[in-house]
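Only one structure is covered here, and it is reproduced in the block below.
In my numbering, the protein residues as written are 40 to 477.
Written as structure tokens, this is what we have:
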């Protein structure tokens with residue numbers, strides 16, 4: 040038994056949140072105890088993100104800050120796991136003497152034996168092999184004090200978008216068996232989890248023993264005790280009519296589709312290796328909205344890709360105006376070493392990328408505000424997530440994944456489902472009053 044007090048920080052995507060929850064289970068099973076105060080910890084675990092340069096800089100900056108933490112108490116240990124660890128490996132140990140272990144994206148399941156070896160020998164190590172360890176149902180990730188949980192159904196990526204580092208740090212795609220996934224959903228539902236979000240780098244490319252992603256969704260929605268089912272992130276090339284009809288035909292599957300567009304220019308989409316055209320994307324959106332008039336559509340958009348002209352960029356703004364995403368994650372292009380786009384001619388200056396990002400954000404904020412304003416007067420079924428005592432409110436989410444706030448009163452707790460009629464809206468949050476209690 041390790042019997043260590045540990046502190047964990049997680050950066051990046053939903054997959055990292057899932058991996059961190061699994062690491063908590065592994066450490067707990069080894070006799071460790073988590074603290075929310077790093078000063079009380081003997082071990083710090085950082086789960087890192089490298090999808091953009093800024094994300095990697097944040098992680099490395101945090102590792103640098105923790106040098107003084109380690110100096111203040113002999114015997115303290117620090118582990119860096121995740122995509123930054125996978126990308127940089129031994130170089131991190133050479134650069135940061137305060138790091139004891141570096142674990143790649145597929146090596147988190149081995150954290151306990153590597154810790155045991157470190158404590159026994161004192162030998163620092165970087166373990167970054169991408170060979171698949173395979174799922175282990177004894178590792179049910181710990182999502183404490185939450186009504187929702189993430190669940191990884193597949194890992195890796197085979198798409199190799201020209202700007203993206205994910206295939207290099209997460210490896211090639213592989214899917215878990217539907218039996219493993221359904222078993223984990225059942226365990227989480229029995230623990231009181233009401234909502235599960237199925238995650239994968241390209242979740243809708245899931246395929247295992249003849250079960251495709253729409254088939255998996257239908258099976259997952261049948262698990263007793265589960266109230267809601269979501270998924271993220273979908274690739275447009277794999278978003279077919281069968282998936283949309285499955286969503287439309289099952290009330291447990293939330294009417295929220297996150298469908299990254301990235302650019303409104305076919306020329307740029309081809310350079311990005313996105314494998315679809317704007318016309319094909321529009322067709323998916325049109326079909327989805329016909330099948331689900333209440334669909335909430337969100338997206339990812341990149342400003343300043345290499346070679347993007349002002350005309351290309353304005354095409355993206357025009358598409359945003361036309362499609363009207365309810366919300367979108369917007370980014371300026373970030374050079375990722377080893378990707379095809381990093382070697383492309385026409386790299387844009389920082390001020391150009393920043394200006395285009397600012398214009399993109401401004402437009403999306405306006406559209407999001409208008410989208411939420413249109414919800415005033417509507418009544419939503421809200422899954423309550425938490426209380427916010429300072430504001431005297433409860434917070435939850437609509438089926439479309441919009442945050443909803445309402446006045447706090449007795450008889451409502453996280454995990455309850457209530458009806459809320461919206462009477463106020465900002466670009467990010469709906470506010471309303473309860474119509475009835477469970």
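Backbone N, C-alpha and C fix where the C-beta goes; we use that ideal spot for every residue, glycine too.
For residue 213, the nearest candidate out of 347, 227, 198 and 315 (CA to CA): Start at 1 with the first residue of the chain shown, and residue 213 comes out as number 174. Just measuring C-alpha positions, the residue of 347, 227, 198 and 315 sitting nearest residue 213 is 198.
Range of the contiguous beta strand (DSSP E) that encloses residue 206: Translated into positions along the chain shown, residue 206 becomes position 167. Boundaries around residue 206 are those of the alpha helix (DSSP H), 205–209, since no beta strand (DSSP E) includes it.
For residue 374, three-class secondary structure by DSSP: Looking up residue 374 in the chain shown gives position 335. In the structure shown, residue 374 sits in coil (DSSP, three-state: anything other than H, G, I, E or B).
Neighbourhood of residue 207 by C-beta, 7 angstroms cutoff - its chain only, sequence neighbours within 5 removed: In the chain shown, the residue the question calls residue 207 occupies position 168. Cβ within range, chain order: 377.
Start-to-end residues for the beta strand (DSSP E) that takes in residue 127: Position 88 of the chain shown, counted from the first residue, corresponds to residue 127. Per DSSP, residue 127 belongs to no beta strand (DSSP E); it is in the alpha helix (DSSP H), 122–127.
Between the CA atoms of residue 92 and residue 176 - distance to the nearest angstrom: Translated into positions along the chain shown, residue 176 becomes position 137. Translated into positions along the chain shown, residue 92 becomes position 53. Unreliable positioning characterises residue 176 in this predicted model, as indicated by a pLDDT of 46, which lies under 50. A coordinate reading is not provided.
Strand pairing of residue 301, partner residues [DSSP]: In the chain shown, counting from the first residue as 1, residue 301 sits at position 262. BP columns for residue 301 point to 340.
Proximity to residue 434 [Cα-Cα], best of 456, 416 and 415: Here residue 434 is taken as the residue at index 395 of the chain shown, counted from 1. Considering only alpha carbons, the answer is 456.
Contact under 9 angstroms by Cβ, residue 124 with residue 143: Mapped onto the chain shown, residue 124 falls at position 85. Mapped onto the chain shown, residue 143 falls at position 104. The answer is yes: Cβ separation under 9 angstroms.
Start-to-end residues for the beta strand (DSSP E) that takes in residue 443: One-based indexing of the chain shown puts residue 443 at position 404. Where residue 443 is concerned, the enclosing beta strand (DSSP E) stretches over 442–446.
Same chain, Cβ closer than 8 angstroms to residue 277, five either side skipped, listed in chain order: Looking up residue 277 in the chain shown gives position 238. Scanning its chain for C-beta atoms nearer than 8 angstroms, with the 5 sequence neighbours on each side dropped, one finds around residue 277 the residues 241, 243, 244 and 252, in chain order.
Own chain, CB closer than 6 angstroms to residue 330, minus 5 neighbours either side, in chain order: For the purposes of this step, residue 330 is taken as the residue at position 291 of the chain shown. The residues are 283 and 287.
Three-state class that DSSP yields for residue 176 in the structure shown: Walking along the chain shown from the start, residue 176 turns up at place 137. A caution first: residue 176 carries a pLDDT of 46, below 50, which makes its placement in the model unreliable, though a value can still be read off. In the structure shown, residue 176 sits in coil (DSSP, three-state: anything other than H, G, I, E or B).
Complete runs of the beta strand (DSSP E) confined to the region 47–112 [at least 3 residues]: As for any beta strand (DSSP E) of minimum length 3 sitting wholly inside the region 47–112, the runs are 82–87, ordered along the chain.
Same chain only: Cβ atoms within 6 angstroms of residue 465, ignoring 5 sequence neighbours per side: Stepping through the chain shown from its first residue, residue 465 is reached at position 426. Same-chain partners within the cutoff: there are none.
CB-CB length for residue 96 against residue 89, believed under 8 angstroms: Position 57 of the chain shown, counting from 1, holds the residue named residue 96. Position 50 of the chain shown, counting from 1, holds the residue named residue 89. Contact doesn't hold; Cβ gap of about 10 angstroms is too wide.
Residue 346 to residue 388 span [Cα, whole Å]: The count along the chain shown starts at 1 and reaches residue 346 at position 307. The count along the chain shown starts at 1 and reaches residue 388 at position 349. In this structure, the alpha-carbon of residue 346 lies about 11 angstroms from that of residue 388.
Three-state secondary structure assigned by DSSP to residue 471: Your numbering for residue 471 matches position 432 in the chain shown. Residue state, collapsed to three classes: strand.
Residue 422 - partner residues in DSSP beta bridges: The residue you call residue 422 lines up with position 383 of the chain shown. Beta-bridge annotation (DSSP): residue 422 is paired with 436 and 456.
Sequence-distant residues of its chain with Cβ nearer than 6 angstroms to residue 374 (five each side left out): As a first step, residue 374 must be located in the chain shown, where it is residue number 335. Cβ neighbours of residue 374 within its own chain (closer than 6 angstroms, five residues either side excluded): 381.
Residues sharing a beta bridge with residue 247, DSSP: Taking the first residue of the chain shown as position 1, residue 247 is located at position 208. Looking at the DSSP assignment, residue 247 forms a beta bridge with 250.
Per-residue burial, residue 290 [other beta carbons within 10 Å of its own, 16 or more giving buried]: Within the chain shown, residue 290 is the residue found at index 251, counting from 1. Of the other Cβ atoms in all chains shown, fewer than 16 fall within 10 Å of the Cβ of residue 290; this residue is therefore exposed.
Rounded straight-line distance, which links the Cα of residue 379 to that of residue 327: The count along the chain shown starts at 1 and reaches residue 327 at position 288. The count along the chain shown starts at 1 and reaches residue 379 at position 340. Take the alpha-carbon of residue 327 and the one of residue 379: they are about 32 angstroms apart.
Residues bridged to residue 45 (per DSSP): If you number the chain shown from 1, residue 45 lands on position 6. Paired residues: 73 and 82.
Check whether residue 46 and residue 67 have beta carbons under 9 angstroms apart: Stepping through the chain shown from its first residue, residue 46 is reached at position 7. Stepping through the chain shown from its first residue, residue 67 is reached at position 28. Between residue 46 and residue 67, the C-beta spacing is not below 9 angstroms.
Residue 54 to residue 362 span [Cα, whole Å]: Taking the first residue of the chain shown as position 1, residue 54 is located at position 15. Taking the first residue of the chain shown as position 1, residue 362 is located at position 323. C-alpha separation (whole angstroms): 28 angstroms.
Where the alpha helix (DSSP H) containing residue 358 begins and where it ends: Counting from 1 along the chain shown, the entry for residue 358 is found at position 319. 349–362 is the extent of the alpha helix (DSSP H) around residue 358.
Proximity to residue 436 [Cα-Cα], best of 312, 158, 467 and 412: Taking the first residue of the chain shown as position 1, residue 436 is located at position 397. Looking at the Cα atoms, 467 is the closest of the given residues.
Between the CA atoms of residue 350 and residue 309 - distance to the nearest angstrom: For the purposes of this step, residue 309 is identified with residue 270 of the chain shown, where counting begins at 1. For the purposes of this step, residue 350 is identified with residue 311 of the chain shown, where counting begins at 1. If I take the Cα positions, the gap works out to 16 angstroms.
Supposed close pair residue 472, residue 459 - CB separation, criterion 8 angstroms: Along the chain shown, one-based indexing puts residue 472 at 433. Along the chain shown, one-based indexing puts residue 459 at 420. Yes, they are in contact, since the Cβ atoms of residue 472 and residue 459 sit about 7 angstroms apart, within 8 angstroms.
Strand pairing of residue 194, partner residues [DSSP]: By 1-based counting over the chain shown, the position of residue 194 is 155. BP columns for residue 194 point to 213.
Where residue 134 falls: helix, strand or coil (DSSP): By 1-based counting over the chain shown, the position of residue 134 is 95. Three-state DSSP puts residue 134 in a helix.
heavy atom of the ligand SAH below 8 angstroms from residue 129 C-beta: For the structure depicted, the ligand SAH is absent and the ligand set is empty, with no information on it obtainable.
Distance CB(residue 84)-CB(residue 117) smaller than 9 angstroms: Position 45 of the chain shown, counted from the first residue, corresponds to residue 84. Position 78 of the chain shown, counted from the first residue, corresponds to residue 117. Yes, they are a contact pair.
Selection from 190, 115 and 104 that minimises the alpha carbon distance to residue 79: Locating residue 79 in the chain shown gives position 40, where the first residue counts as 1. When each option's Cα is compared against that of residue 79, the closest is 115.
Touching by the beta-carbon criterion (3+ pairs, under 8 angstroms), the region 130–140 and the region 222–240: For the pair of segments examined, the region 130–140 was found not to touch the region 222–240: the number of CB pairs separated by less than 8 angstroms stays below three.
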